[in-house]
Structures are given as structure tokens and as C-alpha cells.
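Everything on this sheet refers to the single structure shown next.
2 protein chains.
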Amino acid sequence: MLNFSTSEENYIKTIFHLQNGQNTVTTNELAERLRTKPASVTDMMKKLKAKKLLHYQPYQGFRLTNEGKKVALDIIRRHRLWEFFLAEKLKFKWDEVHVVAEDLEHVSSRKLIDKLDEYLGYPKFDPHGDPIPDSLGKMENSEQVSLVELPLNKPAEVCRVVNQSEEMLELLQHKKINIGTRLEVKRKFGFDHSIEIKLRQSKRTPSEQPPFSISEQLAKNIFVNL
Amino acid sequence: MLNFSTSEENYIKTIFHLQNGQNTVTTNELAERLRTKPASVTDMMKKLKAKKLLHYQPYQGFRLTNEGKKVALDIIRRHRLWEFFLAEKLKFKWDEVHVVAEDLEHVSSRKLIDKLDEYLGYPKFDPHGDPIPDSLGKMENSEQVSLVELPLNKPAEVCRVVNQSEEMLELLQHKKINIGTRLEVKRKFGFDHSIEIKLRQSKRTPSEQPPFSISEQLAKNIFVNL
DNA sequence: TTAATTTTTTAGATTTGTCTAAAATTTAAT
DNA sequence: ATTAAATTTTAGACAAATCTAAAAAATTAA
């Protein structure tokens with residue numbers, strides 16, 4: 001993984017948090033969160049796009065690429081491990097750890113962080129209760145829910161399918177659903193135990209597709225990240 | 227204490243090390259050590275002079291002010307505490323700690339460093355055997371030696387006088403020697419147990435003074451920092 | 001003590017990250 | 001469907017830290 005400036009890292013991390021399930025992040029949102037100006041955000045978005053860390057078309061908002069998400073998770077891992085260290089070992093109060101970790105997270109020695117993780121006993125949650133990504137970017141329940149539990153109109157990304165029945169495979173194939181496909185639930189029908197789903201546009205499916213319904217049985221076995 | 231950029235801190239720290247007893251540091255020396263260009267050094271020296279961290283007149287070399295030394299000691303404290311932490315707690319090998327500490331030292335939360343110090347049990351030396359300054363900038367024997375042990379022609383700074391006899395007071399007064407006076411030993415005479423000393427020029431004594439001799443008896447009680 | 005050499009400084013350019021003000025585009029409202 | 005309002009981008013400027021090339025000062029040597 002390449003090396004990024006403190007400023008780039010702050011942008012990446014913040015986009016990751018704002019993105020949280022949502023489709024895209026807007027210029028103003030990001031500017032406000034980073035206490036900077038929209039023009040500065042646009043500049044940085046061009047740079048991060050050039051580095052292939054995010055998808056960005058002028059006026060269309062932005063979204064991290066998979067590579068961008070990996071980088072974000074690595075920064076968040078560093079941040080939360082330091083928070084844990086500060087609270088657990090240095091006896092900082094839990095509300096004091098964040099600001100200090102904001103600085104420490106930018107020290108990006110891989111070996112340092114992995115050894116720190118080991119020293120701390122591979123903690124799973126930071127002092128705020130947020131999950132700490134492991135060295136592969138995986139973390140305890142990254143808000144993984146099945147499609148039937150997903151709130152209406154909340155955009156999410158398919159991350160796991162726990163049933164490999166023929167019916168399921170046919171559905172996935174026919175509707176072009178893969179790991180990473182973004183979608184949302186539009187309606188839930190009680191009378192026939194089905195839910196209505198709408199895929200969100202992507203590079204592969206640039207045209208808007210009509211919503212369709214699937215059975216609760218199948219939906220139960222499809223998991224998404226918020 | 228004010229806050230300095232990573233770059234400023236690296237300059238300050240490096241000047242402190244190069245200065246080590248010596249009178250002044252030159253532009254080329256500093257440029258070489260920092261792997262930068264002389265022109266960049268000159269630029270930074272102007273900035274640090276404006277911040278009153280060093281004495282500097284064009285073409286005359288530079289020397290940290292007392293304030294500059296305080297800042298340097300604080301950076302060195304941070305560096306060596308992190309080195310100790312990395313070796314002692316994270317089990318880094320002693321030759322791996324330096325590069326990582328180079329980054330960590332610039333995280334300048336006072337509270338972080340004092341709590342880290344406490345957590346580590348107030349260590350006195352880092353893994354390389356270098357002394358760690360305490361929160362007031364004091365450190366274990368910062369190469370304090372008496373004048374009789376000082377190598378010839380090695381510039382040093384008077385830091386302690388352990389004998390308050392009338393003879394001593396008269397000497398100090400007459401020759402205008404104070405804590406902080408810079409001097410070097412030019413010759414040692416065995417036949418009458420005396421040593422020849424030369425004061426170095428300073429703002430207070432801008433003109434070159436001739437060397438003079440003092441007895442080993444007195445010299446034993448005058449301590450200097452290298 | 002001049003001349004040659006080395007060291008240091010100045011002048012002007014570059015990169016990164018930021019800003020303001022104005023222009024372009026999208027969204028909302030009548 | 002226009003117009004008005006909000007959002008986003010562009011253009012141009014600035015500060016920090018760096019560089020190269022040239023000028024100035026100090027040092028060394030003939």
C-alpha cells in the first residue's frame with residue numbers, strides 16, 4: 001500500500017465515515033465535516049481520483065473505490081488501536097483519547113501497528129465501542145444485516161450470501177447481483193412475504209433499472225453492509 | 227511552549243546534536259545532516275531566528291538560544307521515550323526503534339508524553355544508552371565532566387561549580403566565568419599541576435581574550451557539558 | 001595581498017494544501 | 001418550463017518548505 005499525506009488520509013477517512021452505506025458523499029458535506037472550504041474539497045477529490053482512491057465525476061458526488069476503502073480501514077485501524085492503547089495503558093479518560101489518536105493515526109509504519117495490536121492483545125473494540133479492523137481490514141460486525149432487516153430506502157452494499165440454492169443463484173445471475181452491488185429496499189409486502197428491491201446505478205449498470213420483488217426466504221440469506 | 231512544524235522540529239533537534247558543546251553550527255554541516263540544500267537551511271534559519279530559537283547573523287553560523295535548547299530537549303525527550311517504549315513494550319530490536327521514533331516524536335501532546343513517561347516508569351536511558359530528559363529537560367549525566375577530564379581543545383560549557391571557596395569565587399569573578407560560559411582547555415601542565423584555559427567569544431565578551439592558567443585543585447571543581 | 005576556492009546567501013521557481021471570488025451546473029420553486 | 005436558489009467547480013492567489021542557479025562574502029593559497 002502506498003503512502004499518503006496527513007491531509008489525504010483525513011479526507012479518505014472522513015469520506016469513509018460519511019459514506020456509511022450511503023451512495024455518495026457531497027462536496028459541501030465533506031467541506032463542513034473537515035472544516036474546510038468546498039473549493040479545497042474539489043481540489044483534493046481530483047487528486048484522490050487520480051490516485052484511484054475514489055469514483056468522482058464533476059457535480060456527481062464521490063464514493064471510495066475498493067482500494068480507497070482499504071486505505072480508510074487501515075487509517076481507522078490505526079486510530080482505534082491508539083485509542084485503545086491510550087485508555088487501557090496510559091489511563092486516559094475515554095473522552096480524551098480521540099484528539100490524541102487523530103495525530104498518532106498518521107504514523108503509518110505497518111510493523112508498528114501490527115506489533116501494537118499484538119501487544120494490546122488484538123482488541124476488537126475501541127473505548128467508544130467502535131470495532132477495530134484487523135490487519136486485513138475485517139472487523140467485528142461491521143453493521144452487517146440481512147436484507148429483511150434493512151430499513152426502507154437505506155442504500156447498502158451486498159457483502160455476503162449464505163445460501164447457495166439453485167433458486168438463489170438464478171436470482172443473483174438474472175438480476176446481476178454480486179458482492180458489492182449497491183441496492184435499497186423500497187417496500188415490504190406482508191401479504192405474500194416479499195420485499196421490493198431497487199438496484200442503484202453503477203458503472204456496469206449505468207441505466208436506471210425498475211424495482212423487483214424477491215421472497216423473504218431468499219432475502220434472509222443476503223447480507224449487506226450499511 | 228509554542229507549537230512547531232515537523233520540519234522546524236527536525237532542524238532544531240539536529241542543531242542541538244551538532245552543537246554539542248561546540249560553538250556554532252555551519253550551514254553546510256546542517257544541510258548535509260538533514261540531507262537538504264544549504265539554501266533551504268538559510269531560509270529556515272531566518273524563520274527560527276525570528277522565533278527567537280537561535281542566534282544567527284548571516285555568514286556567522288548559528289547556535290540555539292536557551293529557549294531553542296528547551297524545545298530541542300523536549301523533542302529529544304519524546305524521541306527517546308518512544309524508543310524505550312518500542313523496545314521495551316513492543317519488542318522492537320534496538321536498531322529498529324530509531325526510524326519509527328522519528329515519526330512519533332512529532333506528536334506533541336504534553337499530556338501524552340508525560341503519561342507515557344509515567345507508564346514506562348520514568349526510564350533514564352533509551353535503548354541506545356542515551357539519557358532521556360525529564361519533563362523539565364534535565365537528564366542523567368548529560369556528559370558532565372570536570373575541567374581536568376575535559377579533552378584538549380574540546381569546546382564545552384560550564385554547568386556546575388561544586389566548591390564555593392573564596393579562591394574559587396575570586397577566580398570566577400575575575401575571569402568572568404559563569405554558568406553557561408563556553409571555554410576549552412588548551413594545555414595541561416604536569417610540572418605545577420595547572421591547566422591552561424581559553425574562554426570562547428560570546429555576546430558579552432566579543433573580543434578575543436588571552437588564555438590563562440588555573441590550578442588542578444580548582445579545575446576539579448568546575449564541571450562542564452560537552 | 002591579491003587571486004582562487006569554498007561557503008553562504010539571494011532571487012526566482014515548484015509543490016502541496018489552502019483560500020476568495022466568480023463562473024458553471026444542478027436542484028427547487030413558482 | 002422558466003426562473004431563482006443552492007451547490008460545485010474554476011481561476012487565481014498565498015504560505016510553507018523545498019529546489020537550482022547566480023551573486024556575495026569569507027577563507028585559503030600562491
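Protein chains in written order, with this note's numbering: chain A, 1 to 226; chain B, 227 to 452. From the three backbone atoms N, C-alpha and C, an ideal C-beta is built for every residue, glycine too. Here the structure is a predicted model, which is why all the values come from computation and not from measurement.
C-beta contact flag for residue i and residue j at 8 Å
i: residue 307 of chain B; j: residue 241 of chain B; result: no
i: residue 155 of chain A; j: residue 184 of chain A; result: yes
i: residue 333 of chain B; j: residue 2 of chain A; result: no
i: residue 147 of chain A; j: residue 222 of chain A; result: yes
i: residue 119 of chain A; j: residue 312 of chain B; result: no
i: residue 186 of chain A; j: residue 175 of chain A; result: no
i: residue 99 of chain A; j: residue 12 of chain A; result: no
i: residue 347 of chain B; j: residue 299 of chain B; result: no
i: residue 218 of chain A; j: residue 145 of chain A; result: no
i: residue 357 of chain B; j: residue 350 of chain B; result: yes
i: residue 54 of chain A; j: residue 45 of chain A; result: yes
i: residue 158 of chain A; j: residue 179 of chain A; result: yes
i: residue 165 of chain A; j: residue 194 of chain A; result: no
i: residue 67 of chain A; j: residue 49 of chain A; result: no
i: residue 376 of chain B; j: residue 450 of chain B; result: yes
N- and C-terminal bounds of the beta strand (DSSP E) containing residue i
i: residue 145 of chain A; result: 144-146
i: residue 140 of chain A; result: Run containing residue 140 of chain A: none; DSSP gives neither H nor E here.
i: residue 223 of chain A; result: 222-225
i: residue 195 of chain A; result: 194-199
i: residue 187 of chain A; result: 182-189
i: residue 383 of chain B; result: 382-387
i: residue 125 of chain A; result: Unbroken run through residue 125 of chain A: none, as it is neither H nor E.
i: residue 440 of chain B; result: 438-441
Rounded straight-line distance, which links the Cα of residue j to that of residue i
i: residue 42 of chain A; j: residue 59 of chain A; result: 10 Å
i: residue 338 of chain B; j: residue 61 of chain A; result: 38 Å
i: residue 8 of chain A; j: residue 23 of chain A; result: 21 Å
i: residue 244 of chain B; j: residue 352 of chain B; result: 19 Å
i: residue 153 of chain A; j: residue 200 of chain A; result: 11 Å
i: residue 369 of chain B; j: residue 25 of chain A; result: 58 Å
i: residue 28 of chain A; j: residue 10 of chain A; result: 16 Å
i: residue 229 of chain A; j: residue 79 of chain A; result: Any answer about residue 229 of chain A is impossible in this case: the structure gives chain A only from 1 up to 226.
i: residue 172 of chain A; j: residue 181 of chain A; result: 10 Å
i: residue 215 of chain A; j: residue 31 of chain A; result: 41 Å
i: residue 435 of chain B; j: residue 446 of chain B; result: 23 Å
i: residue 264 of chain B; j: residue 114 of chain A; result: 39 Å
i: residue 246 of chain B; j: residue 40 of chain A; result: 44 Å
i: residue 189 of chain A; j: residue 177 of chain A; result: 21 Å
i: residue 47 of chain A; j: residue 69 of chain A; result: 16 Å
i: residue 361 of chain B; j: residue 393 of chain B; result: 36 Å
i: residue 94 of chain A; j: residue 88 of chain A; result: 9 Å
i: residue 386 of chain B; j: residue 262 of chain B; result: 37 Å
Residue i classed as buried or exposed, judged by whether at least 16 other C-beta atoms fall within 10 angstroms
i: residue 57 of chain A; result: exposed
i: residue 6 of chain A; result: exposed
i: residue 4 of chain A; result: buried
i: residue 116 of chain A; result: buried
i: residue 366 of chain B; result: exposed
i: residue 310 of chain B; result: buried
i: residue 336 of chain B; result: exposed
i: residue 128 of chain A; result: exposed
i: residue 101 of chain A; result: buried
i: residue 417 of chain B; result: exposed
i: residue 322 of chain B; result: buried
The alpha helix (DSSP H) enclosing residue i, as first and last residue numbers
i: residue 222 of chain B; result: Nothing about residue 222 of chain B can be read from this structure; chain B reaches only from 227 to 452.
i: residue 297 of chain B; result: 292-314
i: residue 242 of chain B; result: 232-245
i: residue 339 of chain B; result: 336-346
i: residue 40 of chain A; result: 38-50
i: residue 401 of chain B; result: 392-401
i: residue 256 of chain B; result: 253-259
i: residue 104 of chain A; result: 97-104
Along the region 306-319 of chain B, what residues have a CB closer than 9 Å to any CB found in chain A?
For the region 306-319 of chain B, the set of positions with a beta-carbon nearer than 9 Å to some beta-carbon of chain A reads 312, 315, 316, 317, 318 in chain order.
With 7 Å as the limit, tell me which residues of the region 107-129 of chain A have their beta carbon closer than that to any beta carbon of chain B; keep them in chain order.
If the cut-off is 7 Å between Cβ atoms, the region 107-129 of chain A has 107, 109, 112, 115, 116, 119 near chain B.
Against chain A, which members of the region 322-333 of chain B pass a CB distance test of less than 7 Å?
Listed by position along the chain: 326, 329, 330, 333.
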